[in-house]
Ligand code: SF4
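Residue numbers (the numbering used here): 4 to 751.
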């Protein structure tokens, strides 16, 4: 039973979160570093270039890396303070075994003994209940090499189909929509195309806080004369500087896109030649959007008809444009429909695959793009191949030296793995760099489910909140302790360079995985001696696939400041802009620009359905969740970095003055938010930057501060992304603060 072994507060006292601050060498302005290492930020999908300053095998500071073309030295607060997580007091330096008899709940054990116990438990569970009874949950912050290895480890070593990753909570609606419309899942354009756009359309993307460097591109476009349209339920920082703000009711994006297409057709703001030559399916979509009159669109979306007409005119009549979206339209039970609606207005405009004419989804996690291309998704093999496709299986099996029949079939998504644990079908779990007890919706269910596991091993560099349930914890590596490649928001493959060694008994994650394989007696295929060796095999495994990395080498990445995939051969320089006339395309083979056998993009009818849980008399307010600039995802790293916690110490409940007045609440009051799944009491911030029918809570905190106690586990039927962006709640002023409000808060 993977219960928390002792009182949570006792675990926190030992393992944190504690706060790291600049002190000693890091505060000494006269310190001369031993070396400077060019690498990238460990946080979001922008993957800004940065130089780490290293002295005595410790990261002591940073300097901008001015030459790296994406960010040209610019960083957000997280990038500036990232170096403080290295040499952190909470860093796991040993393997640990749960022990309810020691005060902190876990006792250090020898690394080899820990690995032996993991292998013994995997063997026991799989021989008793079958291969699929052991599941793997992986992470999209891992390098491409590690993500590749995790998929190979699950399928070839553990022979389980049950592997998925935390990109399931992030990018999968965009991925599914892009594959349906374009046949390929990658940002269509490099960010440099934003600068030449006449109109930049940003839907559901709080870029100033979640992808800050993108803000700079948008502002440069604005300086060049671009009109900026922002669609969001909140007046986010980018919305404060836009030309047209559409305050959409959460969960209604597809209705807006359909309404825009309706007006484009009505006013003949269409690129007929492009639609005719490069797409299929327009007529059916045109019939569907006939019903999306401006009046109906306004009623459903809560946006004024005038603003809808203005947006349609600017979008429809532009000569160049760039549309981008993020989780705001993707985190829905109909996230794929929202994405398809967005793509329809891009295709109807014909403005894609050309300079200054682009479309992109903004990846969230550091390797959100590369982490979803090479086999750690439940339905996917390396090179974005399909685990159900016999040809794809045969190709990858050959690279791995096994028979295709030995490869398991498709598994289930990350949330479904927890449902399987609850049902007793999955008995054992290995997680790496995944903190589901904070990041999954309806997380009281996740906590109860974890307690049903017979065995749980967590690999991480800090003891995250989920790992407190583990039987064994193995100390993995920080970003700066290993090398490998990562694929950025643009589809640019870049290189992470090692700055320092792993401390204590901590090891690079790929070594830990190989140690488990060896201990299981299944080391065939897991004898790599470096990330470079893994990458060489990955190049071959992705060769000929849609996400083709065959032509990418570490040296070429260094030379070119990254290589955009697809890159099919060593003499190919990569593909910054997809869908250009004559660009490499192994599916269309010269028949067209898009990745289908006929080379044509697909219009898809994008259907509007209300959110899974709409408001009613009992729960009359919409809750939407998201990020703040100072923190990242489940906060395992950023809640340990002092200056970032100082910026934003705890979640605030944002509500509009009209709602606050109705509830008798003022800024600084405590209020309790209740959904059908849970409740939490937070301090209120009254803001004019949100719709009066909606409240916002950032989701980076665990336990009683966790927004995901409230959120709903409804999922998109295609992408299986959870509906983080809308559920129904009620709010009332709290009589008193919650019992614990400090960082040392017991989780339950
Ligand atoms: S968090 Fe993202 S935007 Fe900020 S410095 Fe890191 S990579 Fe750049």
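For each residue, glycine too, the CB sits at the ideal point set by N, CA and C.
When only Cα atoms are considered, residue 419 and residue 338 end up about 18 Å apart. About 6 Å separates the CB atoms of residue 509 and residue 95; that is less than 8 Å, so the two are in contact.
Short note on residue 47: C-beta closer than 6 Å to some heavy atom of the ligand SF4. Taking non-hydrogen atoms of the ligand SF4 into account, the C-beta of residue 571 is found less than 6 Å away from none of them.
Membership of residue 277 in the alpha helix (DSSP H) is indicated by the continuous run 275-281. Within the DSSP bridge table, the entry for residue 686 names 655 and 673 as partners. DSSP, read as helix, strand or coil, puts residue 692 in coil. According to DSSP, residue pairing for residue 431 in a beta bridge involves 137 and 458. Take the alpha-carbon of residue 131 and the one of residue 29: they are about 52 Å apart. For residue 592, the number of other beta carbons within 10 angstroms of its own is below 16, and it is reported as exposed.
The straight-line gap separating the alpha-carbon atoms of residue 686 and residue 673 is approximately 4 Å. For residue 324, DSSP records a beta bridge to 202 and 360. For residue 78, the CB falls within less than 6 Å of some heavy atom of the ligand SF4. For residue 213, the enclosing alpha helix (DSSP H) stretches over residues 210-213. Judged by DSSP secondary structure, residue 21 falls outside any beta strand (DSSP E); it is assigned neither H nor E. Close CB contacts of residue 382 within its chain, under the 8 Å cut and outside five residues either way in sequence, are with 389, 390, 391, 413 and 414 (chain order).
With respect to the C-alpha of residue 537, the residue from 462, 129 and 402 having the closest C-alpha is 402. With respect to residue 550, residue 568 sits close: the two C-beta atoms are nearer than 7 Å. The beta carbon of residue 60 is closer than 7 Å to those of 503 and 504 in its chain, skipping five residues each way along the sequence. By the C-beta density criterion, residue 103 is exposed, having fewer than 16 other C-beta atoms within 10 angstroms. Its Cα nearest to that of residue 207, the residue 335 stands out among 441, 571 and 335. Ranked by Cα distance from residue 297, the first of 262, 555, 284 and 681 is 262.
Going by C-alpha positions, residue 329 is about 13 Å away from residue 49.
For residue 233, the enclosing beta strand (DSSP E) stretches over residues 230-234.
Residue 495 has 567 as its beta-bridge partners, per DSSP. Of the heavy atoms belonging to the ligand SF4, none sits nearer than 6 Å to the Cβ of residue 16. For residue 249, the enclosing beta strand (DSSP E) covers residues 247-249. Rounded to the nearest angstrom, the Cβ distance from residue 175 to residue 203 is 25 Å, too far for a contact under 8 Å.
Using a cutoff of 6 Å, the CB of residue 81 counts as near the ligand SF4, since one of the ligand's heavy atoms is closer than that. If you draw a straight line from the Cα of residue 264 to the Cα of residue 26, it comes to about 56 Å. In the structure shown, residue 723 falls within a coil segment according to DSSP collapsed to helix, strand and coil.
Residue 678 counts as buried, since at least 16 other C-beta atoms from the protein chains shown sit within 10 angstroms of its C-beta. A straight-line Cα-Cα distance of about 6 Å links residue 247 and residue 233. Relative to residue 275, the option among 230, 349 and 345 whose CA is nearest is 349.
In the three-state reduction of the DSSP assignment, residue 43 falls in the strand class, which pools E and B.
Counting only runs of 4 or more residues that sit fully inside the region 398-432, the alpha helix (DSSP H) segments are 417-425, in chain order.
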